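> One structure coming up, written as structure tokens, with questions to follow.
Protein chains: 2
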Amino acid sequence: MKNPLLIPELRELMAVNDTAAIREFCQQSHPESVAELIEALDTEEIWRILQMLDLPQRASIFSHFDLDQQVELATGHNRVQMAHLLEEMPADDRADLVQNLDKKVRDELLPLVARAEREDIKRLARYEEETAGAAMSTDYAVLRPDVTIEEAIHQLRAQAPDKETIYYIYVVDEYRKLIGFVSLKDIIVARPGRLIRDLMHTDVIKANVHDDQESVANQVEKYDLIAIPVVDDDNVIVGIVTHDDAIDIIRQEQTEDIEKLMAISGEHESTPYLKISAWRHFRNRATWIFILGLVSLIGGLIIQLHEEMLVQIAVLATLIPMLAATGGNTGSQSAALVIRALAVKEIFGRDILRVLFKEFCVALPLAFVMSILAFGRLFLFASGETMPPGVSLWMLAFAAGVALALQVLSSTLIGALLPLGAVALKLDPAVVASPSLATIVDITGLLIYFTVVSVMVMPA
Amino acid sequence: MKNPLLIPELRELMAVNDTAAIREFCQQSHPESVAELIEALDTEEIWRILQMLDLPQRASIFSHFDLDQQVELATGHNRVQMAHLLEEMPADDRADLVQNLDKKVRDELLPLVARAEREDIKRLARYEEETAGAAMSTDYAVLRPDVTIEEAIHQLRAQAPDKETIYYIYVVDEYRKLIGFVSLKDIIVARPGRLIRDLMHTDVIKANVHDDQESVANQVEKYDLIAIPVVDDDNVIVGIVTHDDAIDIIRQEQTEDIEKLMAISGEHESTPYLKISAWRHFRNRATWIFILGLVSLIGGLIIQLHEEMLVQIAVLATLIPMLAATGGNTGSQSAALVIRALAVKEIFGRDILRVLFKEFCVALPLAFVMSILAFGRLFLFASGETMPPGVSLWMLAFAAGVALALQVLSSTLIGALLPLGAVALKLDPAVVASPSLATIVDITGLLIYFTVVSVMVMPA
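Those protein sequence lines, which keep their order, are chains A and B. Each residue of the first sequence is one higher than the one before, starting from 156 at the first, in the numbering used here. Each residue of the second sequence is one higher than the one before, starting from 156 at the first, in the numbering used here.
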């Protein structure tokens, strides 16, 4: 981005109506940069600039605005012009935009869109969210198997302008069934006289239109693809998911995972943080905070049941924070690692025993360390505390150590077990959010603590 | 992957020495699929199969094994053959492998590698980890500005076989300085007679060799690039980072973020979960568990200081779990959202006031809800508890409600404040792991709780 125009300069150019300069700047820079810059202007100014550009460029800049802005721009604008813009936009962005318009606007707009594009929009709108069908673009290049390289290049030259990519070309039979693919690289390298048929790879990595978008993105990632073809149940090609769409999907899933991990519900939409209303933030977060708050009362109940003990040995209460922290932390760690390993397919439900064994081996030394800490805490800083007859500080500290050790072991295993269990139940492992986990092991921890102490130290 | 060969069948083919069949299978399937399949065989068998293939194919399958396996295969193998394999491997994978070999093996191997490739390996090894230089590949296509389209295609045909991509071609002057780029699409569409100079885009989106790899990946994502050129400080092109490398980087950062969020230290390496030894798992996790365990003792100390109060009003202890859970959860949520928003550049350090205000607006209703819950808990289930003279259950429950409200407000704001603070101090916001946060707000919570209660209900 050498010397990008800045808003004030841009406004100046508009003031003096220097169309040429503005046009030249827009042609020189990447549409994304232009979109990013003029986003800051008000709707009217943005349209004035877009009007100065030819339709294809206008469309490509327009589709780089974020969705909210696209909707705002589209809603206020002359329907006929907007319809033409839609026809020029990439098929997938176009479909997203139309689906997000108010019904009224959509109903006014769609009839003005050329028939082919209108059908295309409706077709894409039919697929379920988060499927390959909803994520794909329909601007892909195809060839027939019986054309020569020379002829192929000729056809590609014609197709190029309105395709998302011509670097992967899909070979289809007369029913548009996918029978192979060639890369533009293959074509460039091959002798002009050869047939596509002899060049094409028949073992095509493809996705079904109903596949989950995440698994499609994972395939693009795994096989380093520029695009993956999407076929319907009859193996007829209906679209492609390109490498940049794959990155967007991976990002989106990433946000989802982290938010789930923090027990944040809602659509995990990619709306920027500050643009989400406080009220929606509240709705997304409150449910879990409240539920977990309720659940944590169980911990309180356990404490209340052992009030007698606490009144007699008040110092017991001093370990409760450590008990909770250690349980929550060890549990969250193992859970996070297992959830991630499941997500990237490093482990599967069937590995449950190997995982539990691994976590057990990790937990043992941890348990040892923490039990020493607990023992030391009581033994060193609880002398001078009043003890009921028959209870020695030694025993008490020892019991606390044992309890902490058990807490570490159980929390670590629970943290690993829950995501694996979720998978077994065909649930998203990330539902085991670390807050819920912390709350659970908090309760088990208190149970362990009071049981161990009453068994080991309380005079019968 | 239509009917991929399965291990047993593969072993059979090897037993009867059916080289042709094995070769044909390897040619038909994607190298990644082949690598994935034969990974299950033992080193010797793998080499036997690789030997059957011609060098380029052998190299591309080899570089699809994960790094540990590559190291194992390379270490045991005939040095001369391995050296030839290295020469054929993609520059970036090759460099990674060599850097991970034992010094002894490396010293035996490198001298056998052709000079050009050896220099290349050494050059790439020089760049700091996690920089564009370390992540880039040196197999990129270049053209001079003064060649015609026809000549360009001719040159590309020659370059194609050993380039990572020929879809973006970089235009360089006689000093190899980057002066523009053209896409193969531009070339295909253009008239054969035209010059590259007239076609090329001069406003190139590029990265500096010292840039952080994450920011490079973000640019590839932002501008939907197939590859981004990497230049040195003199604007001389030295490599490219391709779209698939960008995805790998994004994945790696994703793992890092989640692990940091869970207070897991270590290299956040992409080694599969089960392949990491229990001991290394322990080392990665123990530090924080221990430190946070120590810190949580402060909470215990606060409780110990108010032992008197607890002995008099034992029921107070029953709210401690809820206090901790609510603080940890609200804090983790706001922290996670702010950290993510910072990571994807939705907000910046300067937005601190807007963020805090937003979080405050979210926290208010949350605080109200949770204070009701706390009040209800005490008022409904603590009747019949012994109270010291002059303390009414009403007052107690009310105080508890106030304390919970303050806990929600403070935790939420602390959760948002710490990452922003980290940014201000040029630290990675993700250092504010949710466990550490939980431990911190646990302490503040107990302080708030006991202070409020002693001020509001305890008889002076």
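Glycine is no exception: its CB is placed at the ideal position from the N, C-alpha and C atoms. These figures come from a predicted structure and were not determined experimentally.
(1) Which first and last residues belong to the beta strand (DSSP E) in which A154(A) is found?
(2) For G288(B), which residues from the same chain have a beta carbon less than 8 Å from its beta carbon, with the 5 sequence-adjacent residues on both sides left out?
(3) For I453(A), which residues of its own chain have a beta-carbon under 8 Å away from its beta-carbon, when the five flanking residues on both sides are left out?
(4) How do the region 484-494 of chain B and the region 540-559 of chain B stand: do at least 3 beta-carbon pairs fall below 8 Å, yes or no?
(5) With distances taken Cα to Cα, identify the nearest neighbour of G531(A) among L521(B), Q467(B), G448(B) and A518(B).
(6) Is the region 262-273 of chain A in contact with the region 292-302 of chain A, if contact means three or more CB pairs nearer than 8 Å?
(7) I402(A) lies in the alpha helix (DSSP H); which residues open and close that run?
(8) Can you list, in chain order, the stretches of the alpha helix (DSSP H) that have 4 or more residues and sit fully within the region 220-289 of chain A?
(9) Against chain B, does F437(A) count as a neighbour if the rule is that its beta carbon must be under 8 Å from one of theirs?
(10) Does any residue of chain A have a CB that is nearer than 8 Å to the CB of K157(B)?
(11) Just the C-alpha distance for P514(A) and I162(B), rounded to the nearest angstrom, thanks.
(12) Identify the continuous alpha helix (DSSP H) that holds P590(A) and give its terminal residues.
(13) For the region 173-186 of chain B, which residues have a CB atom closer than 8 Å to at least one CB atom of chain A, in sequence order?
(14) Out of I342(A), P476(A) and E200(A), point me to the one whose CA is closest to L168(A)'s CA.
(15) In chain A, what lies closer than 8 Å to F445(B) by C-beta?
(16) Taking Cβ positions, are L511(A) and A555(A) nearer each other than 8 Å?
(17) Around the Cβ of K157(B), are there at least 16 other Cβ atoms within 10 angstroms (buried) or fewer (exposed)?
(18) With 8 Å as the threshold, decide whether the Cβ of S538(A) is near any Cβ in chain B.
(19) Using a C-beta cutoff of 8 Å, does E369(A) count as contacting chain B?
(20) Of all the options V499(B), C516(B) and E306(B), which has the alpha carbon lying nearest to the alpha carbon of R349(B)?
(21) Who are the neighbours of F597(B) on chain A, taking C-beta pairs under 8 Å?
(22) Is it right to say N233(B) is buried, meaning 16 or more other beta carbons lie within 10 angstroms of its own, or is it exposed?
(23) Thinking C-beta only, is T473(B) closer than 8 Å to I458(A)?
(24) Here's a check: name, in chain order, each residue in its chain whose Cβ is nearer than 8 Å to the Cβ of E191(A), leaving out the five neighbours to either side.
(25) Consult DSSP for I457(B) and reduce its assignment to one of helix, strand or coil.
(26) Could you give the C-beta distance for S589(A) and S526(A), rounded to a whole number, given that I count them as a contact under 8 Å?
(27) Going straight from the alpha carbon of A382(A) to that of D403(A), what length do you get?
(28) Measure from the alpha carbon of S188(A) to the alpha carbon of each residue in I360(B), Q225(B) and K318(B), then state which is nearest.
(29) Excluding five sequence neighbours on each side, which residues of the same chain lie with their C-beta closer than 7 Å to the C-beta of D328(A)?
(30) What whole-angstrom Cβ distance do L256(A) and A238(A) have, given they're in contact under 8 Å?
(31) Flag K295(A) as yes if its beta-carbon sits less than 8 Å from any beta-carbon of chain B, otherwise no.
(32) Tell me whether M613(A) is buried or exposed, calling it buried when 16 or more other Cβ atoms sit within 10 Å of its Cβ.
(33) Is there a C-beta anywhere in chain D that falls below 8 Å from the one on R213(B)?
(34) Compute the Euclidean distance between the alpha carbons of L241(A) and T230(A), then round it to the nearest angstrom.
(35) Run down chain A in chain order and give the residues with a C-beta less than 8 Å from the C-beta of Y322(B).
(36) Between the C-alpha atoms of G600(B) and F523(B), what's the straight-line distance to the nearest angstrom?
Put simply:
(1) Because chain A in this structure spans residues 156 to 615, residue 154(A) falls outside the shown range and cannot be described.
(2) Working through the second sequence from its first residue, we reach residue 288(B) at position 133. Excluding positions up to five away in sequence, the list reads L279, R281, Y282, V364, H365, V385, V393 and G394.
(3) In the first sequence, counting from the first residue as 1, residue 453(A) sits at position 298. Only I598 meet the Cβ criterion.
(4) Touching, no.
(5) Here residue 531(A) corresponds to residue number 376 of the first sequence, with the count starting at 1. For G531(A), the closest of L521(B), Q467(B), G448(B) and A518(B) by C-alpha to C-alpha distance is G448(B).
(6) Not touching, per the Cβ criterion.
(7) Residue numbering aside, residue 402(A) sits at position 247 when the first sequence is read from its first letter. I402(A) -> alpha helix (DSSP H) spans H398 to L416.
(8) Counting whole runs of 4 or more residues, the region 220-289 of chain A contains the alpha helix (DSSP H) stretches 222-231, 234-243, 246-255, 258-264 and 270-281.
(9) To locate residue 437(A), count along the first sequence from 1; it is residue 282. With 8 Å as the cut-off, F437(A) counts as an interface residue toward chain B.
(10) Taking the first residue of the second sequence as 1, we reach residue 157(B) at position 2. The predicted model places K157(B) with a pLDDT of 40, which falls under 50 and marks its position as unreliable, so this point remains unresolved.
(11) The residue you call residue 514(A) lines up with position 359 of the first sequence. The residue you call residue 162(B) lines up with position 7 of the second sequence. One detail in the question is off: residue 514(A) reads as Glu in this sequence, not Pro. Approximately 30 Å, taken between the alpha carbons.
(12) Mapped onto the first sequence, residue 590(A) falls at position 435. For P590(A), the enclosing alpha helix (DSSP H) has its first and last residue at S589 to M611.
(13) Within the region 173-186 of chain B, the qualifying residues are Q183, S184 and H185.
(14) On the first sequence, residue 168(A) is found 13 positions in, with the first residue counted as 1. Among I342(A), P476(A) and E200(A), the Cα nearest to that of L168(A) is on E200(A).
(15) Within the second sequence, residue 445(B) is the residue found at index 290, counting from 1. Taking the beta carbon of F445(B) as reference, the chain A residues within 8 Å of it are V524, M525 and L528, listed in sequence order.
(16) Locating residue 511(A) in the first sequence gives position 356, where the first residue counts as 1. Locating residue 555(A) in the first sequence gives position 400, where the first residue counts as 1. No Cβ-Cβ contact shorter than 8 Å links L511(A) with A555(A).
(17) The residue you call residue 157(B) lines up with position 2 of the second sequence. With a pLDDT of only 40 at K157(B), under the threshold of 50, the placement of this residue in the model should not be trusted; the figure read from the coordinates follows. Around the Cβ of K157(B), a 10 Å sphere holds fewer than 16 other Cβ atoms; the residue is exposed.
(18) The sequence position of residue 538(A) within the first sequence is 383, counting from 1. Contact of S538(A) with chain B is not assigned, every C-beta pair being separated by 8 Å or more.
(19) Within the first sequence, the letter at position 214 stands for residue 369(A). Answer no: the Cβ-Cβ gap between E369(A) and chain B never drops below 8 Å.
(20) Translated into positions along the second sequence, residue 349(B) becomes position 194. Shortest Cα-Cα distance from R349(B) to any of V499(B), C516(B) and E306(B) involves E306(B).
(21) Stepping through the second sequence from its first residue, residue 597(B) is reached at position 442. Residue identity check: residue 597(B) is Asp in the sequence provided, not Phe. Neighbourhood of D597(B) in chain A, by CB distance below 8 Å: P476, A479 and A480, in chain order.
(22) Within the second sequence, numbered from 1, the residue matching residue 233(B) stands at position 78. Result: exposed.
(23) Counting from 1 along the first sequence, the entry for residue 458(A) is found at position 303. Counting from 1 along the second sequence, the entry for residue 473(B) is found at position 318. Contact flag set, yes.
(24) Sequence index remark: in the first sequence, residue 191(A) carries index 36 (1-based). Same-chain partners within the cutoff: H219.
(25) Sequence index remark: in the second sequence, residue 457(B) carries index 302 (1-based). Three-state DSSP puts I457(B) in a helix.
(26) Within the first sequence, residue 589(A) is the residue found at index 434, counting from 1. Within the first sequence, residue 526(A) is the residue found at index 371, counting from 1. Incorrect: roughly 23 Å between the Cβ atoms, too far for contact.
(27) Position 227 of the first sequence, counting from 1, holds the residue named residue 382(A). Position 248 of the first sequence, counting from 1, holds the residue named residue 403(A). Rounded to whole angstroms, A382(A) to D403(A) spans 13 Å at the Cα level.
(28) The residue given as residue 188(A) occupies position 33 in the first sequence. For S188(A), the nearest C-alpha among the options comes from I360(B).
(29) For the purposes of this step, residue 328(A) is taken as residue 173 along the first sequence, with counting starting at 1. Spatial neighbours of D328(A) in its own chain (CB-CB distance under 7 Å, excluding positions within 5 residues in sequence) are listed in chain order as I334.
(30) By 1-based counting over the first sequence, the position of residue 256(A) is 101. By 1-based counting over the first sequence, the position of residue 238(A) is 83. A238(A) and L256(A) do not touch by the CB rule: their CB atoms are close to 12 Å apart, not below 8 Å.
(31) In the first sequence, counting from the first residue as 1, residue 295(A) sits at position 140. A small correction: the amino acid at residue 295(A) is Tyr; Lys does not occupy that position in the sequence shown. Closer than 8 Å to the CB of Y295(A) there is not a single CB belonging to chain B.
(32) On the first sequence, residue 613(A) is found 458 positions in, with the first residue counted as 1. So M613(A) counts as buried.
(33) You won't find chain D in this structure, because its protein chains are A and B.
(34) Your numbering for residue 241(A) matches position 86 in the first sequence. Your numbering for residue 230(A) matches position 75 in the first sequence. C-alpha separation (whole angstroms): 13 Å.
(35) Looking up residue 322(B) in the second sequence gives position 167. Contact annotation for Y322(B) against chain A: Y322, L339, K340 and I381 [CB-CB distance below 8 Å, chain order].
(36) Mapped onto the second sequence, residue 600(B) falls at position 445. Mapped onto the second sequence, residue 523(B) falls at position 368. Each residue's Cα considered, the two are about 16 Å apart.
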